[in-house]
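There are 2 protein chains.
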Amino acid sequence: MKMDDMVIISVDDHISEPPDMFEKHLQGDALATAPQFHTTADGANYWTYQGMTMTSVGLNAVVGRVPEEYGMEPQSLEQVRKGCYDPRARLDDMNANGIAASLNFGSIGGFDGSRCFHMAPDKDLALIHLRAYNDWHIKDWCATDPDRFIACALLPTWDMDATVAEIERVAAMGCTSVTLTENPTKIGLPSIHNEYWEPMWKALAENDITICLHIGSGNAAPHASLETPIEAWISTMPMSIAVGAADWLQLSALQRYPDLKIILSESGIGWVPYFLERSDFAHERHKAWTNSGFEGTKPSEVFRKHFMTCFIDDAFGLKNLEDLGEDMVAYECDYPHSDCLWPEVPEWLWDSVQGLTDTRIDKITHLNAMRMLNFNPFKHHKREELTVGALRAKAAADGVDVTPISTGGAAPLAEGEAKRPVTSGDIMAMMKKQAEVA
Amino acid sequence: MKMDDMVIISVDDHISEPPDMFEKHLQGDALATAPQFHTTADGANYWTYQGMTMTSVGLNAVVGRVPEEYGMEPQSLEQVRKGCYDPRARLDDMNANGIAASLNFGSIGGFDGSRCFHMAPDKDLALIHLRAYNDWHIKDWCATDPDRFIACALLPTWDMDATVAEIERVAAMGCTSVTLTENPTKIGLPSIHNEYWEPMWKALAENDITICLHIGSGNAAPHASLETPIEAWISTMPMSIAVGAADWLQLSALQRYPDLKIILSESGIGWVPYFLERSDFAHERHKAWTNSGFEGTKPSEVFRKHFMTCFIDDAFGLKNLEDLGEDMVAYECDYPHSDCLWPEVPEWLWDSVQGLTDTRIDKITHLNAMRMLNFNPFKHHKREELTVGALRAKAAADGVDVTPISTGGAAPLAEGEAKRPVTSGDIMAMMKKQAEVA
């Protein structure tokens, strides 16, 4: 295999929702009460919904910028690449990056909708608007090319009847995944170990729907202190999902629903073999008093059967693919966030798969994602049309411009302030200020 | 090499402090106001100090029990092995386990003293008693056999002048390490990035004193929910130090004091190569705006120069020793806590070092610990007297009894309650109840 022959599916990207998203899917009062897009006198965008205010473009949508501005927070859709909010422009950017297909999480409601619909006081309205959100995601965004966008729906988990109904509704539209908080207790719902969730597990299993748990959607990714240089937080953020991974690994529903599938989005992979070995040790060493429910299997076996982990750039993990399980690892791009290697993903990825067989390269670049997400990009496209080489040739023919740009935004240090390490406190202050602008 | 030829130093064990610890080191008012040991009518032990109450035996001092009782919390010194509080009995237990030397953390004040002396309202008294604590640790516990106990002092970090004085005082007594919270902001002190700490870095570097940061001494080891089976927490607890590791890796004092040495106690090792790779990625990708202070070096280089990580049982980490750095990994026993493999450490360890050269086995079993802690167990003992085989022969000759015992204690489930998975909530309730007994 050559770099240009890879077919790359990204199982974790992001959308900055466009202003008109609800217009085609709602009318009358339902449209009037839907989340509303606004622009301040200074040009900053934001959304309002049921008394709440939400920033528009989503955390750190800085793809395509000069590196000096990765830490600056875009305040309007004008400061981000069009591919953040326009699916046709996104396809162009995917082509330039050699990405065959992409699963996307939203921004205004958080990765799982919990910051918008779950917090809304009027849950009848929230259900109407969450459904419209899914309609837009599936019928507008993904339908732009259903072979190249993998649908991932929100669920109204504050109501289990509505959740089951929504699972069946989106499944009928061809959607094969949902995004959930990795820790529902953080939004006031029962823990995943509570019987509250039983109808959802059943409906997900029966409809062959995969659960995506994105880092930062529940358990904290802690900053040690406000004075800690921000690189510390960047480096530990993916691994913060270990708390959620351990929690979900104990889920007894995995024993009752052997087909339940879970993707740990933006998890990284290199720490996972340690985590599995440690989970096995903890179980073997403590099961005499913990009464945990692994019923003769090892935690690592349960994990390798149900969980897929994802990587952006993770040479150590790929070197140890056998300890991870070669069927449960997938690539992710994280467009348009600052870790995203756009438009150079193929170069980075090719470099890190050098020790692997072609079979394994195919698994981690697309086959595992296809199987875990019950997704087929080759319905209307031949394989050779979706390779890195073919997509980039198309981008070149279409004149997709990938030149790094400078578009500004909120900055972590004050203008004119002497150069010093940017801290967690600086970033939190920047985010707070930005929220106040909105 | 054979299993019996290994020389094993453990860089992380624990003491349940004996009732008479302050008597030889204080008198008069100073003794009368020192932490006091008590026994309830039911036989439970506890300590009081300046209005605070502390449980006596320390978290989970269950070594030597039957596995069914690993989750039961000892309430008195009568329920734990004598080796928890008596240094001569500890040497017997080390012999039976083939352990040549051991570094110990205390219990009543937390691993770093912060739960006792740092919380005390009268800091003049706290300084007197902290110093007496160090006197006892160095002159009583460690002096029982200074070739086999590695001293590790507490520091009065609420006062930098007193801290510098105490560093110099314990260094003069031959102590070569101190234990600190991994996150001082949790006890109301400035972050490690604050200039407040400058005198301490200087004094530690000048006196060649190594810093030990024990998991759970600062940053949280989170429970996902109260309903989460406790095995989840057990499995993620060591890795919770990643937040602290990332914080300390950014410490600018490491650039100013090239000899500063840090041990991440009970960290585990298998996740560390991922963490280093991720830290390098975060730095390379973001340095254009983070202004972080690595001055041309990689974070992983700084880590491998200054930080030692430790393992209890960690085959994946040892398999990847080259990615860790073979000079910065050490064994730890964790006696008397429930992960401790006593009295079978040599068997477990030997099994996991099978892929390593004799040189590397020597490094991770004792040479790295000796170098990092400036400690020499061979001053009064020949090497062949401190091997697994020699120590176990001595234990056998001395008749050290290692038969698993049942001694009870507080239990996570109510008596007669049906068998079900023990949860985080159960353990927290057990600890709360135990604190109320005290």
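Chains as they are written, first to last, in this note's numbering: chain A, 99 to 536; chain B, 99 to 536.
From the three backbone atoms N, C-alpha and C, an ideal C-beta is built for every residue, glycine too.
Measure from the alpha carbon of residue i to the alpha carbon of each residue in the options, then state which is nearest.
i        : options                                   : result
A:Trp346 : A:Leu362, A:Met335, A:Met337 and A:Trp331 : A:Leu362
B:Val268 : B:Pro320, B:Leu253, B:Asn317 and B:Ser114 : B:Leu253
B:Pro510 : B:Met426, B:Glu264 and B:Pro327           : B:Pro327
B:Val498 : B:Met192, B:Ala241 and B:Glu399           : B:Met192
B:Met104 : B:Cys250, B:Asp460 and B:Ile525           : B:Asp460
B:Glu424 : B:Cys431, B:Ser436 and B:Met406           : B:Met406
B:Glu364 : B:Glu176, B:His435, B:Met119 and B:Thr131 : B:His435
B:Thr395 : B:Glu430, B:Phe135, B:Glu382 and B:Ala386 : B:Glu382
B:Val486 : B:Trp440, B:Asn466 and B:Asn474           : B:Trp440
A:His112 : A:Ile313, A:Met526 and A:Arg490           : A:Ile313
B:Ala130 : B:Ser212, B:Glu176, B:Ala224 and B:Cys182 : B:Ala224
A:Ser398 : A:Arg229, A:Asp357 and A:Asp378           : A:Asp378
B:Gly272 : B:Ala319, B:Pro282 and B:Ala241           : B:Ala241
A:Lys122 : A:Asp238, A:Val535 and A:Thr457           : A:Asp238
A:Ser114 : A:Leu287, A:Tyr231 and A:Asp357           : A:Tyr231
B:Thr455 : B:Arg213, B:Lys417, B:Ile197 and B:Phe473 : B:Lys417
A:Ser315 : A:Pro282, A:His321 and A:Leu302           : A:Pro282
B:Asp437 : B:Thr137, B:Ile367 and B:Val161           : B:Val161
A:Ile415 : B:Gln348, B:Tyr372 and B:Thr137           : Just to set this straight, residue 415 of chain A is Gly in the shown sequence, not Ile. Nearest of B:Gln348, B:Tyr372 and B:Thr137 to A:Gly415, Cα basis: B:Tyr372.
A:His478 : A:Lys284, A:Lys100, A:Glu167 and A:Pro244 : A:Pro244
So which residues of chain B does residue i contact, with C-beta pairs closer than 7 Å?
i        : result
A:Val520 : Trp387, Thr388 and Asn389
A:Ala380 : Glu329, Ile332 and Ser333
Could you round the C-beta distance between residue i and residue j to whole angstroms and report it? I think they count as a contact, below 8 Å.
i        : j        : result
B:His291 : A:Glu393 : That pair is no contact at about 48 Å.
B:His217 : B:Met258 : Inspection of the sequence shows that residue 217 of chain B is occupied by Met rather than by His. About 18 Å separates the two Cβ atoms, so there is no contact after all.
A:Ser537 : B:Ser390 : Past the edges of chain A, shown from 99 to 536, lies residue 537 of chain A, and the structure says nothing about it.
B:Asp421 : B:Ser450 : At roughly 16 Å, the Cβ-Cβ gap does not stay under 8 Å, so B:Asp421 and B:Ser450 are not in contact.
B:Ser275 : B:Thr308 : 4 Å
A:Gln452 : A:Thr153 : Rounded, the Cβ-Cβ distance is 40 Å, inconsistent with contact.
B:Ala95  : B:Ser174 : Lying before the first or after the last residue shown, residue 95 of chain B is absent from chain B, which here runs from 99 to 536.
A:Ile332 : A:Glu280 : No, A:Ile332 and A:Glu280 are not in contact; Cβ-Cβ is about 19 Å, not under 8 Å.
A:Leu475 : A:Leu489 : At residue 475 of chain A the sequence reads Pro, which differs from the Leu that was named. With a Cβ gap of about 11 Å, A:Pro475 and A:Leu489 do not count as contacting.
A:Val109 : A:Glu430 : 5 Å
B:Ala319 : B:Met335 : 5 Å
B:Gly211 : B:Leu228 : 6 Å
B:Gly507 : B:Gln177 : 5 Å
A:Ile226 : A:Trp145 : That pair is no contact at about 16 Å.
B:Ala344 : A:Ala330 : 4 Å
A:Asp357 : A:Asp306 : 7 Å
Closer than 8 Å by beta-carbon distance: list the chain A residues that pair up with residue i, in chain order.
i        : result
B:Met337 : Met337, Ala340, Trp369, Tyr372, Phe373 and Arg376
B:Gly169 : His384, Trp387 and Thr388
B:Gly366 : Tyr372 and Arg376
Chain A partners of residue i, CB-CB under 9 Å?
i        : result
B:Glu166 : Ala386 and Trp387
Residue i touches chain B at which residues, Cβ-Cβ below 8 Å?
i        : result
A:Lys396 : What A:Lys396 touches in chain B: nothing, since even the nearest Cβ is about 12 Å away.
A:Ser436 : Arg383 and His384
A:Asp345 : Ala322, Ser323, Thr326 and Ala330
Along chain A, in chain order, which residues have C-beta atoms closer than 7 Å to that of residue i?
i        : result
B:Gln348 : Thr326, Pro327, Glu329 and Ala330
Taking the runs of the alpha helix (DSSP H) that are 4 residues or longer, which of them lie wholly in the region 375-458 of chain A?
Within the region 375-458 of chain A, complete alpha helix (DSSP H) segments of at least 4 residues are found at 397-404, 413-417, 419-422 and 443-450, given in chain order.
Positions along the region 224-240 of chain B whose CB lies within less than 9 Å of some CB in chain A
none
Residues of the region 409-428 of chain B in Cβ contact with chain A at a cutoff of 9 Å, in chain order, please.
Ile410, Asp411, Asp412, Ala413, Phe414, Gly415, Lys417, Asn418 and Asp421
Any alpha helix (DSSP H) of 4 or more consecutive residues that is wholly inside the region 109-141 of chain A
Within the region 109-141 of chain A, the complete alpha helix (DSSP H) runs of at least 4 residues are 126-130.
Which runs of the alpha helix (DSSP H) at least 4 residues long sit entirely within the region 203-257 of chain B? Give them in chain order.
221-233
What beta strand (DSSP E) runs, 3 residues minimum, are completely inside the region 303-369 of chain A?
308-312 and 360-363
Residues from the region 318-334 of chain A in contact with chain B, defined by Cβ distance under 8 Å:
Ala318, Pro320, Ala322, Ser323, Leu324, Glu325, Thr326, Pro327, Ile328, Glu329, Ala330, Trp331, Ile332, Ser333 and Thr334
Going along the chain, which residues of the region 276-308 of chain A sit with their C-beta nearer than 7 Å to a C-beta in chain B?
Asn281, Thr283, Ser289, His291 and Asn292
Within the region 161-203 of chain B, ranges of the alpha helix (DSSP H) (whole runs, at least 4 residues)
185-194
Quick one: which residues of the region 492-526 of chain A get their C-beta closer than 7 Å to a C-beta of chain B? List them in chain order.
Lys517, Arg518, Pro519 and Val520
What ranges does the alpha helix (DSSP H) occupy inside the region 478-504 of chain B, keeping only unbroken runs of at least 4 residues that lie completely in it?
486-496
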